[in-house]
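Working notes for the structure below.
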Amino acid sequence: MADGPVLVIGLDPARIPGWDPAPVVAAIARGHARFAEHGIEADLCLTATDAAAEAEIAAALTRRRYACVVVGGGIRKHEPLLEFFEQVVNLVHRHAPDAAIAFNSTPEDTVDAALRRLG
């Protein structure tokens, strides 16, 4: 296990058409606040599944050295996003090879996912 900052990669609820993003935005904010409660630095990379996603994620992964990258459930759980999930995992492997990878269940348990991999 490693100590250090965490990057959270998830879908940007404001960029998903056809639904109210407010509840998910609020849950992400609550989950992100929990990192501070544990004294963990955490950055967010919220993206869409469009052509710009790869560059956005790669830029976030190379901004600093991360001890852990958490991939959100919104990317992982929705079967039509399987190829996008694979792309995200491979981007983490390529651009942050020393980072542990963790998976959350909800935006509010993201810190718990990271804590499983941090020392």
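Letter by letter, the sequence shown follows residues 8 to 126 in our numbering. Every residue, glycine too, gets a C-beta built ideally from N, C-alpha and C.
Rounded C-alpha distance that separates residue i from residue j
i	j	result
R123	C75	10 Å
D89	R83	Checking the sequence, you will find Leu at residue 89 rather than Asp. If I take the Cα positions, the gap works out to 7 Å.
C52	A29	18 Å
Under 8 Å between C-beta atoms of residue i and residue j
i	j	result
G81	G38	no
L98	L14	no
R72	G11	yes
Q94	E61	yes
Buried versus exposed call for residue i [16 or more other C-beta atoms within 10 Å across all chains shown]
i	result
I64	buried
G79	buried
Own chain partners of residue i with C-beta closer than 7 Å, once the 5 adjacent residues on each side are dropped
i	result
V31	P20 and P114
A120	V77, A109, F110 and N111
Nearest residue (CA-CA) to residue i, options the options
i	options	result
F92	R71, D10, T54 and P104	T54
D57	Y73, I23, H102 and D50	I23
Beta-carbon proximity list for residue i, same chain, < 6 Å, skipping 5 on both sides
i	result
A34	P114 and E115
T117	V15, G38, V77 and N111
D50	L14
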